[in-house]
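Everything below concerns the one structure shown next.
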Amino acid sequence: MGAIKEVLVPDIGDFKEVDVIEILVKPGDAVVREQSLITLESDKATMEIPSPDAGVVKEIRVKVGDKISEGVPIVVLEAIEGESRQPSAAAPAPAAPPPAAMPSRPAAERPEPPMEAVLEALSQARAVSAPVPAGPGPENGSFKPHASPSVRKFARELGVDLAKVTGSGPKGRILQGDVQGFVKGMMAQAPAREAAPAAAGAMPFALPDWPKVDYAKYGPVEARPMSRIKRIAAANLHRNWLSIPHVTQFDEADVTDLEAFRKGSSGESERQGFKLTLLAFLLKASVTALRQHPEFNASLDGENLIVKKYYHIGVAVDTPDGLVVPVIRDVDRKGVFDLARELAGVSQLAREKKLKPGDMQGGTFSISSLGGVGGTSFTPIINAPEVAILGVSRSSMRPVFRDGQFVPRLMLPLSLSYDHRVIDGAAAARFTSYLSSVLSDIRRSLL
Ligand code: CAO
């Protein structure tokens, strides 16, 4: 049996009371010298604490959320006989990033590089010990994407520029999964790149750098961290916007009769404690249109279009923390009252942050209704891997010329964004036109 020893937090510069954000080992794990044990995060940097020796972890002395400083015990280690107690001398930093290639083994299986984590931690510690202005722009030379040393190493191995990766971890920290997602996204675009004419060169993402501005130079500013929901939504919206050729078809529906029917029926729903809003009818009418136009209820899978025979519709819900899209399942098998009740329920769950990941999966089409807020039209972003999304704006009473005279009608604006790889413009115009006719005579979808 080897010597039992406590591994303490080493000298981490001027940092005190730093948060433990990850425990990277568990009791029973065999660790090699310099393997990272835990990740610490200060306001502006993350650093991994490496093991000074090879050994077997007997006990973990800290937990996520603890605030620790130099000298605090982290783990109890049983040393493996014959291994050196001293870390090796600083290994030279890699001269140049390795070529972009997928690793042959998952990152978790790869041994940590000697001293690299320490060097990285120290360089980050030095970076944060200098005063950092409010706007952390690269302009002042202080910007560094927020990621742990092992994630940086992983990104370097893949040739990924972390500045281009959106982090989904706490405080925007870039996680290994974010780097993997970025690489997957790039690989998915590879066929498109190959298909592009040679003259297009670095298409589609040879974009100029984002403007680097020190906003504080022009007036007072305040840095507000984006909520986790917003950061995740932002990454997905950005991917969808860049990778799907969107076109938006505008139309309008005469919902005068539908509104009269809804108002006439809403007493019953109110007695049951929920509102019978237009959205429940829109769900129903959309399914009628999707049945008629199945390519809108589909997903692209390589060269195949997967047409779904079920109707699970995502509904964009505005919450204080950002946009979420819970999915209402089997809309074709539910009545408007059931749908209205379910909508009220999921909207509330969304706003209370109680939705589970599964509640937001499996959608085949989405509706984004801004009707309760305002506006005349907008261009919603497709919720990939779906191929279309219906945007709905606020209905208004307008003079409509009919049978030789102007008559007041309640008109509902529709904005259908679709994936032009799958859907042609004429098909989209037919879809909204059909949807409009269904909404004008709602009995068609209720039957
Ligand atoms: N035209 C006119 N009035 C409308 C309307 C429309 N198209 N849609 C809803 N309204 C009315 C409702 O009847 C209700 O009126 P009362 O208060 O008089 O009863 C009011 O507007 C508020 O409705 P609501 O928003 O509470 O209910 P809803 O069923 O229409 O929508 C929900 C529910 C969850 C979709 C909505 O609350 C929401 O979050 N919308 C925002 C979605 C969003 O942010 N989309 C943008 C995403 S970017 O693509």
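In the numbering used here, the protein residues as written are -6 to 440. A virtual CB, placed ideally from N, CA and C, is assigned to each residue, including glycine.
Going by other Cβ atoms of all chains shown within 10 Å of its Cβ, with 16 needed for buried, is residue i buried or exposed?
i      : result
Tyr304 : buried
Pro287 : exposed
Ser258 : exposed
Arg26  : buried
Val206 : exposed
Asn233 : buried
Met390 : exposed
Ala140 : buried
Leu251 : buried
Thr369 : exposed
Asp412 : buried
Ala273 : buried
Arg224 : buried
Asn376 : buried
Gly260 : exposed
Pro99  : Because the pLDDT of Pro99 is 34, which lies under 50, any placement of that residue in the model is unreliable, and the question is left without a value.
Phe399 : exposed
Glu345 : exposed
Ala421 : buried
Pro91  : Unreliable placement is indicated for Pro91, whose pLDDT of 30 sits below 50; the coordinate value is still reported in the next sentence. Exposed, by the Cβ-count rule.
Pro313 : exposed
Pro43  : buried
Gln28  : buried
Please report the distance separating the alpha-carbon of residue i from that of residue j.
i       : j      : result
Pro45   : Ile5   : 14 Å
Val0    : Lys146 : 24 Å
Gly384  : Val214 : 34 Å
Leu275  : Ser388 : 13 Å
Gly355  : Val380 : 13 Å
Gly365  : Val310 : 11 Å
Lys19   : Glu63  : 21 Å
Arg166  : Gly160 : 5 Å
Ile(-3) : Val69  : 7 Å
Ile14   : Met40  : 10 Å
Asp59   : Ile382 : 44 Å
Met353  : Pro319 : 4 Å
Val50   : Asp12  : 21 Å
Thr281  : Ala199 : 42 Å
Gly170  : Pro142 : 14 Å
Ile416  : Phe371 : 19 Å
Gly174  : Ile306 : 25 Å
Met219  : Val431 : 40 Å
Phe243  : Asp202 : 34 Å
Arg54   : Gly328 : 56 Å
Ser426  : Lys268 : 28 Å
Lys177  : Glu296 : 18 Å
Leu30   : Val172 : 21 Å
Ala343  : Val317 : 7 Å
Pro406  : Pro373 : 13 Å
Ala246  : Val324 : 21 Å
Ile321  : Ala148 : 38 Å
Ser386  : Asp434 : 19 Å
Ala216  : Ser35  : 17 Å
Ser236  : Glu150 : 25 Å
Gln341  : Arg255 : 22 Å
Determine the extent of the beta strand (DSSP E) in which residue i is found, giving its start and end residues.
i      : result
Thr425 : Thr425 -> not in any beta strand (DSSP E); alpha helix (DSSP H) instead, spanning 418 to 433.
Gly21  : Per DSSP, Gly21 belongs to no beta strand (DSSP E) and is neither H nor E.
Glu345 : Per DSSP, Glu345 belongs to no beta strand (DSSP E) and is neither H nor E.
Gln242 : 239 to 247
Thr357 : Neither: Thr357 is in no beta strand (DSSP E) and is coded neither H nor E.
Pro66  : 66 to 72
Val0   : -3 to 1
Leu168 : Element bounds for Leu168: n/a, residue is neither H nor E.
Ser292 : 291 to 294
Asp442 : Coverage of the chain is limited to positions -6 through 440, which leaves residue 442 absent and any answer about it impossible.
Val11  : 11 to 16
Gly315 : 315 to 317
Leu200 : Here Leu200 belongs to no beta strand (DSSP E), and DSSP marks it neither H nor E.
Ile299 : 297 to 300
Which stretch, first to last residue, makes up the alpha helix (DSSP H) that contains residue i?
i      : result
Ile222 : 221 to 236
Val280 : 271 to 285
Glu150 : 142 to 151
I'd like to know whether the C-beta of residue i is nearer than 8 Å to at least one C-beta of chain B.
i      : result
Leu271 : Of the protein chains in this structure there is only one, and it is not chain B.
Quiz item: Of all the beta strand (DSSP E) runs that stay within the bounds of the region 365 to 406, which reach a length of 3 or more residues?
Solution: 381 to 385, 389 to 395
Quiz item: At which residue ranges does the region 25 to 66 contain complete beta strand (DSSP E) runs of 3 or more residues, listed in the order of the chain?
Solution: 29 to 34, 39 to 43, 48 to 53
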